[in-house]
Structures are given as C-alpha cells and as structure tokens.
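Engineer:
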Amino acid sequence: MNKEKGSALILRTGPGSSIQDQGRFLGSHYGIPSSGVMDQKSLRWVNHVLQNSPNDAVLEISSPGFTIQFDCTTLISIAGATSVVKVNSKEEGNPSLIGIQAGDILEIGGFITGSRIYLGIKGGFLSPLFLGSRSFFLPVTGQSMLKKGDILEYDSFIPFSKSPAQAKPRWSSSWLEEFDVKAFPGPDWNLLSPDQQEKIRKTEFHLSKLSNRMGIQLEELVENTLPEMPTNPVFPGTIQLTSGGKLLLLMRDAGVTGGYPRILQLPDESVSLLSQKSPGQSIRFIIKDF
Numbered sequence: 001m002n003k004e005k006g007s008a009l010i011l012r013t014g015p016g017s018s019i020q021d022q023g024r025f026l027g028s029h030y031g032i033p034s035s036g037v038m039d040q041k042s043l044r045w046v047n048h049v050l051q052n053s054p055n056d057a058v059l060e061i062s063s064p065g066f067t068i069q070f071d072c073t074t075l076i077s078i079a080g081a082t083s084v085v086k087v088n089s090k091e092e093g094n095p096s097l098i099g100i101q102a103g104d105i106l107e108i109g110g111f112i113t114g115s116r117i118y119l120g121i122k123g124g125f126l127s128p129l130f131l132g133s134r135s136f137f138l139p140v141t142g143q144s145m146l147k148k149g150d151i152l153e154y155d156s157f158i159p160f161s162k163s164p165a166q167a168k169p170r171w172s173s174s175w176l177e178e179f180d181v182k183a184f185p186g187p188d189w190n191l192l193s194p195d196q197q198e199k200i201r202k203t204e205f206h207l208s209k210l211s212n213r214m215g216i217q218l219e220e221l222v223e224n225t226l227p228e229m230p231t232n233p234v235f236p237g238t239i240q241l242t243s244g245g246k247l248l249l250l251m252r253d254a255g256v257t258g259g260y261p262r263i264l265q266l267p268d269e270s271v272s273l274l275s276q277k278s279p280g281q282s283i284r285f286i287i288k289d290f
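Just so we're aligned: 105 in the UniProt record's numbering is position 105 of the sequence shown, and the numbers increase by one with no gaps anywhere.
Written out as structure tokens, the structure reads:
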C-alpha cells in the first residue's frame, strides 16, 4: 500500500454542498455553532465502511448534479439519500464502496429518497482545521459552500486489488421514510398546559419551506401563552416554541443561545431523520419521558 497526496476537482455542484465532520465543539463560548453533518448516521456509516476515524471529513451534498474528478487512486463510500451514482458514465448499482482510479469522474444524479447525500473518502477530505473541525461555517472557515472549480485534498490510497471488496456492504435507506420522530421533554416542557402537550403529541406536523442548516420551521401552530423567557443555551435538536406559535427545530448551524421556550429535545437519530426530510413531508413526535 502506497500513499501520496491526491486532489479532487469539483466540476459541477448545486447550492448547499459543503465539507463537514462531527462538528466544532471548541467555539460555543464564543457563540460559534457546532456545525457538522446534518445526518450523523450517514457519516458514521461511510467512515465505518472506509475504516476511517469517526471524525474524518466528508462531503455533504444537498443538490443533484454533483460531479467530481479524482486525480489519484482511493476508495469512496456514499450514504444518506439515494440517487443514481455513475463513475465515468457507468452506473454503480451499489455505491457503498467504490474503488477510484486516477482520472475517474463521479456523478450524482437526481435524489430518489432523502435530501442529503454523504460522500466519504479513505482518510477523509483534508480541508483546513478551524477550532478542531473541518466543518464549513461562515465566517470561521471563509466559505459556507463548495463551488465549481474548488480543489479538495485527500491522501491517495492504493488497495491490493482494483476490486475493493468481494461482497460490498449495502446501505439501507428505508429509515428515511419513517414518520415517527423520537423526542424528549425539553427544559420548558412542563410550562405548557396539558392540552398543549396533548396537541403536540397528536398533531401531524408538516415541514415548511423555511428549512436550512440552521433550523426547520413546522407549518402547524401551537398556541403559546408563555411569558417571555430569558436567553438560555440551546443545542442542535432543541425545539423552540416561538411567540407566534411556530415550532422551530434547531439544526447544526443554529446559534448557541435562544430566548424562546425549549419544549423538546431531539436525539441525534431524530436530527438525522429530519435532515433527510423535504418541505411538505409530515412527521409526528413520539415523546419519551425520562
């Protein structure tokens, strides 16, 4: 096995593609969000398949039509949303583990299910570290999205054979279609009336078009009669009830403090699920008491 520095050239990309890892945990006292991949489940999968470190950086791709060319041999893994994946115009039936040769061009077509695709590479993408993370976030990293012409570094990896595995692992996307979203009571849950709590448990909520890496707003209203709250810490997965009665689901680029009541908290698996939902899709909260 030999190693050398490789580079990948982005030939085409839509909005929202970025480099992400598990997140940035050294900047919260400066008001810097943790960032990191929206779908931690998919990150863990590709890094496990590639036998990478859990925090190796991947590409988070939020739009179809992403095209990238590699100049050195390596292995890649794709998870998250499902799509038609091609190498040198030939479709890959199982893109969980792909051997890449120098000059190969990878294309990701339209999304079939899900909203974000994760492209991992052997050893991770080697973008600069800022506060212990490679995750893109303005103004910390100088850019928030990848663009056509960007060059990404990686360590070349030459496997013992051109075929990376006789039996490839196969990514299952069935969980992307789950309707129920697990949640736990937040610090301010008990300030709601029993009727409000029951409404939240029984309502079928729909994701609005107001959805990005900072947060997802739901369409249905929940009456908010609570007084104004002092500013408190919030985290990815915190669900706030706004003064207008909207539920706001905080995601990876959300701020570290907020003044709205924190009525629910989502575990990582629920954040991953919601990150793969599209505007208009419906969910129901399954609230687990401690």
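All C-beta atoms, glycine included, are put in the ideal place defined by N, C-alpha and C. All of these numbers come straight from a predicted model, not from anything done at the bench.
Out of V271, S83, S89 and M229, which has the shortest C-alpha to C-alpha gap to D188?
Structural biologist: Of the listed residues, the one whose Cα sits closest to D188 is M229.
Engineer: Which stretch, first to last residue, makes up the alpha helix (DSSP H) that contains P194?
Structural biologist: P194 to K202
Engineer: Whose CA, out of G109, Q281 and S34, lies closest to the CA of G14?
Structural biologist: Residue G109 holds the alpha-carbon nearest to the alpha-carbon of G14 among G109, Q281 and S34.
Engineer: Rounded to whole angstroms, what is the Cα-Cα separation between L59 and L250?
Structural biologist: 21 Å
Engineer: Taking 8 Å as the cut-off, does the segment 272 to 280 touch the segment 111 to 121 (at least 3 CB pairs, one atom from each stretch)?
Structural biologist: yes
Engineer: Spell out the partners DSSP gives N232 in its beta bridges.
Structural biologist: G258
Engineer: Have a look at L131 and G27 and give me their C-alpha separation to the nearest angstrom.
Structural biologist: 7 Å
Engineer: If you draw a straight line from the C-alpha of L63 to the C-alpha of E177, how long is it?
Structural biologist: Checking the sequence shown, residue 63 turns out to be Ser, not Leu. Roughly 19 Å between the two C-alpha positions.
Engineer: Which same chain residues end up closer than 7 Å to P95 when comparing Cβ atoms and leaving out the 5 residues on each side of it in sequence?
Structural biologist: So the list reads I78 and V85, once near-sequence residues are dropped.
Engineer: Given L138, which residues of its chain have a CB within under 7 Å of its CB, disregarding the five upstream and five downstream residues?
Structural biologist: S144
Engineer: Just list the beta strand (DSSP E) runs in the segment 71 to 142, keeping only unbroken ones of 3 residues or longer that don't cross its boundaries, in chain order.
Structural biologist: 74 to 87, 98 to 100 and 105 to 121
Engineer: Rounded to whole angstroms, what's the CA-CA distance from S193 to L152? Just pull it up for me.
Structural biologist: One alpha carbon belongs to S193, the other to L152, and they sit about 52 Å apart.
Engineer: Can you tell me whether DSSP reads N2 as helix, strand or coil?
Structural biologist: Note that N2 scores a pLDDT of 49, beneath 50, so its modelled location is shaky; the value from the coordinates is reported in the next line. Coil, per DSSP.
Engineer: Kindly list the residues whose CB is nearer than 8 Å to the CB of F179, restricted to its own chain and excluding five residues on each side of it in sequence; keep chain order.
Structural biologist: For F179, same chain residues with a beta-carbon under 8 Å away, outside a window of 5 residues either side, are S282, I283 and R284 in chain order.
Engineer: Going by DSSP in three states, K148 sits in which element: helix, strand or coil?
Structural biologist: coil
Engineer: Out of Q101, L43, K90 and L97, which one is the CA nearest neighbour of E107?
Structural biologist: Sorting Q101, L43, K90 and L97 by C-alpha distance to the C-alpha of E107 places K90 at the top.
Engineer: When the Cα atoms are used, what is the spatial distance from Q197 to S53?
Structural biologist: 41 Å
Engineer: Specify, as a first and last residue, the run of the alpha helix (DSSP H) that S42 falls within.
Structural biologist: Q40 to V49
Engineer: Looking at the structure shown, is D268 part of a helix, part of a strand, or coil, going by DSSP?
Structural biologist: helix
Engineer: Around the Cβ of P261, are there at least 16 other Cβ atoms within 10 angstroms (buried) or fewer (exposed)?
Structural biologist: Counting the other CB atoms within 10 Å of its CB gives P261 a total of 16 or more, which places it among the buried residues.
Engineer: Tell me, which residues are paired with L274 by DSSP?
Structural biologist: None; L274 has no bridge partner.
Engineer: Could you pull out every residue in the same chain whose Cβ sits closer than 6 Å to the Cβ of T67, ignoring the five residues on either side in sequence?
Structural biologist: L11, R12 and E107
Engineer: Would you report the Cα separation of N2 and S243, rounded to the nearest angstrom?
Structural biologist: Confidence in N2 is poor, its pLDDT being 49 and thus under 50, which makes the residue's placement too unreliable to answer from.
Engineer: With a threshold of 16 other CB atoms inside 10 Å of the CB of K209, please say whether the residue is buried or exposed.
Structural biologist: Exposed: under 16 other Cβ atoms inside 10 Å.
Engineer: Run through DSSP, which three-state label would S7 get?
Structural biologist: Three-state result, S7: strand.
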